[in-house]
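The structure appears below as structure tokens.
In the numbering used here, the protein residues as written are 2 to 344.
Here it is as structure tokens:
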């Protein structure tokens, strides 16, 4: 790798790091405003104009709070658990294509840190590691509520990753590749996968809600049963890392949904544009889709009541997995017939 390319990739990584943290911070503001709108309240409005400085106030509050470790906790594991959750949540953005290439300073700059040929498999593998931060934090706290939360989170992750994987297989069958770049490019214009895989989209979306521990699947941290679950004993920026990781995961999940089913940076009429103008419009289109998906996540949270644990597990094992499996088989048969594999 030449020096210029190394500098280019390093700058892109720093931009993605700052962007992920900034979006995660302002998702808290956006969520409070959405909740207030749905409940006929005002929401944050004191910290800065329209309350726009509220995320900075929250971050400062966490930063200056007392940092403590419970006396009977496993101190090493207790301290590294938030770091694991935060690091894993930030890793997945490196394989996401954020837009077509840009030409600047005489160079063609790719808006993707790395295009590995198993991009979607990489994302699923990394996100499945993220539950270790929750499990380790819950176990190391030496708190029974936190331990219950860790057990719930691990069983929930296993249950819903199976259906999610089956729904991803249908997209891979259609695109013929595990590379996110190739999956997105196969949806050129308005040829989005959601038109061909509405069932797969619904299954993947529901599983994403569960993977992000969002209501109505927030069994790992429901206040009415577990106080706050795995981060009950955490304070200051250790708890802040857990909260940031949750919102970064929400951002990445919305991005992956947009890339797999909503065409990524593709949009109708994109062939009328070219060069850097096309790249800028494509980036704006992708982020518009991401914002709409995030809004849908929040809409669901403030609309539906929380499931019971047995309902949550029953939905994953008895409903979503069979539906995803049947959808995968039907997709494979249709593709085999249309491509003449049985001739």
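Every residue gets a Cβ at the ideal spot worked out from N, C-alpha and C, and that includes glycine.
No experiment lies behind these values; they were computed from the predicted model shown.
Is the beta carbon of residue i less than 7 Å from the beta carbon of residue j?
{"i": "residue 63", "j": "residue 237", "result": "yes"}
{"i": "residue 120", "j": "residue 104", "result": "no"}
{"i": "residue 143", "j": "residue 73", "result": "yes"}
{"i": "residue 136", "j": "residue 303", "result": "no"}
{"i": "residue 140", "j": "residue 151", "result": "yes"}
{"i": "residue 306", "j": "residue 181", "result": "no"}
{"i": "residue 223", "j": "residue 254", "result": "no"}
Does residue i pass the burial test, meaning 16 or more other C-beta atoms within 10 Å, or should it be called exposed?
{"i": "residue 273", "result": "exposed"}
{"i": "residue 219", "result": "buried"}
{"i": "residue 160", "result": "buried"}
{"i": "residue 293", "result": "exposed"}
{"i": "residue 312", "result": "exposed"}
{"i": "residue 145", "result": "exposed"}
{"i": "residue 76", "result": "exposed"}
{"i": "residue 191", "result": "exposed"}
{"i": "residue 83", "result": "buried"}
In terms of residues, what are the limits of the beta strand (DSSP E) holding residue i?
{"i": "residue 105", "result": "103 to 105"}
Three-state secondary structure (DSSP) at residue i?
{"i": "residue 108", "result": "strand"}
{"i": "residue 273", "result": "helix"}
{"i": "residue 70", "result": "coil"}
{"i": "residue 117", "result": "coil"}
{"i": "residue 196", "result": "helix"}
{"i": "residue 211", "result": "helix"}
{"i": "residue 187", "result": "coil"}
Tell me the residue span of the alpha helix (DSSP H) that contains residue i.
{"i": "residue 276", "result": "276 to 302"}
{"i": "residue 320", "result": "Counting along the chain, residue 320 falls outside any alpha helix (DSSP H), and DSSP gives it neither H nor E."}
{"i": "residue 9", "result": "4 to 39"}
{"i": "residue 61", "result": "55 to 65"}
{"i": "residue 167", "result": "145 to 176"}
{"i": "residue 312", "result": "310 to 315"}
{"i": "residue 253", "result": "237 to 262"}
{"i": "residue 83", "result": "76 to 92"}
{"i": "residue 99", "result": "Run containing residue 99: none; DSSP gives neither H nor E here."}
At least three beta-carbon pairs within less than 8 Å, the region 13 to 22 to the region 280 to 295 = Too few Cβ pairs lie closer than 8 Å, so no.
Is there contact here, the region 120 to 128 with the region 87 to 95, by at least three beta-carbon pairs under 8 Å?
-> Yes: at least three Cβ pairs fall under 8 Å.
Is it true that the region 49 to 60 meets the region 19 to 34, where meeting means three or more beta-carbon pairs spaced less than 8 Å apart?
-> Yes, the region 49 to 60 is in contact with the region 19 to 34.
Can at least three beta-carbon pairs, one atom from the region 256 to 269 and one from the region 286 to 293, be found at a separation below 8 Å?
-> Touching, yes.
Could you tell me whether the region 156 to 174 touches the region 98 to 113, where touching means 3 or more Cβ pairs closer than 8 Å?
-> No, because fewer than three Cβ pairs between the region 156 to 174 and the region 98 to 113 fall closer than 8 Å, the two stretches do not touch.
The region 171 to 187 touching the region 233 to 247, judged by at least three CB pairs closer than 8 Å = These segments do not touch.
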